[in-house]
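Here's the structure we're looking at; comments come further down.
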Amino acid sequence: MGKYILKRILIAIPVLIGITIIDYAIMCLAGSPLEMLQGPRVSEAALEAKKIAMGLDKPVYIQYFVWLGQLLRGNMGYSIKSYQSVSAMIGSHLGPTLLLMGVSLLVSLLLAVPAGIYSAVHQYSKGDYAVVTVSFLGSSIPGFFLSLLLIYLFTVKLKVLPSSGMVTLGTGGGAGDIARHMVMPVMVLAASMAGSNIRYIRSAMLEILQQDYLRTARAKGIGRFQVIYKHALRNALVPIVTVIGMQIPLLFGGAIIIEQVFSWPGLGLMTMSAIGSRDYPVIMGVCLLSAVVVLLGNLVTDIVYALVDPTIQLQ
Numbered sequence: 005m006g007k008y009i010l011k012r013i014l015i016a017i018p019v020l021i022g023i024t025i026i027d028y029a030i031m032c033l034a035g036s037p038l039e040m041l042q043g044p045r046v047s048e049a050a051l052e053a054k055k056i057a058m059g060l061d062k063p064v065y066i067q068y069f070v071w072l073g074q075l076l077r078g079n080m081g082y083s084i085k086s087y088q089s090v091s092a093m094i095g096s097h098l099g100p101t102l103l104l105m106g107v108s109l110l111v112s113l114l115l116a117v118p119a120g121i122y123s124a125v126h127q128y129s130k131g132d133y134a135v136v137t138v139s140f141l142g143s144s145i146p147g148f149f150l151s152l153l154l155i156y157l158f159t160v161k162l163k164v165l166p167s168s169g170m171v172t173l174g175t176g177g178g179a180g181d182i183a184r185h186m187v188m189p190v191m192v193l194a195a196s197m198a199g200s201n202i203r204y205i206r207s208a209m210l211e212i213l214q215q216d217y218l219r220t221a222r223a224k225g226i227g228r229f230q231v232i233y234k235h236a237l238r239n240a241l242v243p244i245v246t247v248i249g250m251q252i253p254l255l256f257g258g259a260i261i262i263e264q265v266f267s268w269p270g271l272g273l274m275t276m277s278a279i280g281s282r283d284y285p286v287i288m289g290v291c292l293l294s295a296v297v298v299l300l301g302n303l304v305t306d307i308v309y310a311l312v313d314p315t316i317q318l319q
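To get the numbering used here, take the position in the sequence shown, counting from 1, and add 4.
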């Protein structure tokens, strides 16, 4: 296991470098951040001085290697807009994003696992059709539309939930206040993930339930609960783990839009602000973090494979 993890980490290094090259090239094609400063009150001399100070007068590949060299020294650069350290900005916004993602993933699993198992065990029943219909609705409704719908219902009409921020302005916050602000964004993210997970769990369980060894277990008089949750579910975990591992990067990206709608003070809100102002150091920092999250998600998924299925050998 240790050798496998080390091998994956070594493979991830050139992958990360390739991702940063592509990201840097795309941003350079989008234009210079100095274009946001142009105006009647800014002279050409001032723009040229700013260009030299930021190193934008050098060729693109030189700019990239300068940025990469600073990154290897632990310096992710400074924001063009706020002049803050990019690493400090990411660190201050990472906590709210991880909180929102973690709770959403947990809620989606708490909804999807029982619903998927129930749907598979009661195949072609009314309950099965109801669960499948709800899962299709959850995965097909756009997140921004569901967000606006929930805001209209719970904030505008019922006035029971706040629609923006992480804590109520003018208060000390607290766990209860944060939980109230999390309800709607968690509902949106969890609905989308649970809708997809229910179908995958149902499909995996249906395939396992038709195996001969489960028929033998039922014939021997083993209890229904043990047959379903001990034997069937454990053998169906490999495809389920695959889907969950794939959803972690999607959740990281989907949170950007949801954070923007609900003004959640996480990486999503910071990223959208950086994109609007062409704050390239911040964008590069977030892209690098996203790539690391994807690679870590894949590595953790492979490790969990070996934990849920002892027959899998990681070489």
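Beta carbons: idealized from backbone N, C-alpha and C, even for Gly.
Cα separation between residue i and residue j?
{"i": "residue 128", "j": "residue 110", "result": "28 Å"}
{"i": "residue 158", "j": "residue 179", "result": "20 Å"}
{"i": "residue 233", "j": "residue 149", "result": "36 Å"}
{"i": "residue 252", "j": "residue 301", "result": "7 Å"}
{"i": "residue 145", "j": "residue 259", "result": "15 Å"}
{"i": "residue 143", "j": "residue 53", "result": "50 Å"}
{"i": "residue 73", "j": "residue 256", "result": "27 Å"}
{"i": "residue 156", "j": "residue 243", "result": "37 Å"}
{"i": "residue 225", "j": "residue 219", "result": "10 Å"}
{"i": "residue 237", "j": "residue 137", "result": "22 Å"}
{"i": "residue 168", "j": "residue 266", "result": "5 Å"}
{"i": "residue 99", "j": "residue 56", "result": "35 Å"}
{"i": "residue 274", "j": "residue 153", "result": "24 Å"}
{"i": "residue 147", "j": "residue 222", "result": "42 Å"}
{"i": "residue 235", "j": "residue 209", "result": "11 Å"}
{"i": "residue 282", "j": "residue 34", "result": "9 Å"}
{"i": "residue 166", "j": "residue 11", "result": "47 Å"}
In terms of residues, what are the limits of the alpha helix (DSSP H) holding residue i?
{"i": "residue 68", "result": "64-76"}
{"i": "residue 201", "result": "179-213"}
{"i": "residue 258", "result": "241-266"}
{"i": "residue 24", "result": "6-34"}
{"i": "residue 307", "result": "284-312"}
{"i": "residue 165", "result": "Residue 165 -> no alpha helix (DSSP H), and no H or E assigned at all."}
{"i": "residue 4", "result": "Residue 4 lies beyond the range of the chain shown here (5 to 319); nothing can be said about it."}
{"i": "residue 158", "result": "Looking at the DSSP string, residue 158 is not in any alpha helix (DSSP H), and its letter there is neither H nor E."}
{"i": "residue 222", "result": "216-223"}
{"i": "residue 271", "result": "271-280"}
According to DSSP, simplified to helix, strand and coil, what is residue i?
{"i": "residue 89", "result": "strand"}
{"i": "residue 122", "result": "helix"}
{"i": "residue 128", "result": "coil"}
Mind checking residue i: buried by the 16 CB within 10 Å criterion, or exposed?
{"i": "residue 69", "result": "exposed"}
{"i": "residue 229", "result": "exposed"}
{"i": "residue 17", "result": "exposed"}
{"i": "residue 97", "result": "buried"}
{"i": "residue 185", "result": "buried"}
{"i": "residue 48", "result": "exposed"}
{"i": "residue 135", "result": "buried"}
{"i": "residue 263", "result": "buried"}
{"i": "residue 124", "result": "buried"}
{"i": "residue 27", "result": "buried"}
{"i": "residue 45", "result": "exposed"}
{"i": "residue 84", "result": "buried"}
With a threshold of 7 Å (Cβ to nearest heavy atom), would residue i be considered close to the ligand PLP?
{"i": "residue 143", "result": "Of ligands this structure carries none, so the ligand PLP is not represented either."}
> Between the stretch 50-69 and the stretch 268-277, are three or more C-beta pairs nearer than 8 Å?
Replying inline: no
> Between the stretch 288-301 and the stretch 22-30, do at least 3 Cβ pairs fall closer than 8 Å?
Replying inline: yes
> Are the stretch 107-121 and the stretch 191-198 touching by the rule of at least three beta carbon pairs closer than 8 Å?
Replying inline: yes
> Taking one C-beta from the stretch 211-218 and one from the stretch 278-294 each time, how about it: are there three or more such pairs within less than 8 Å?
Replying inline: no
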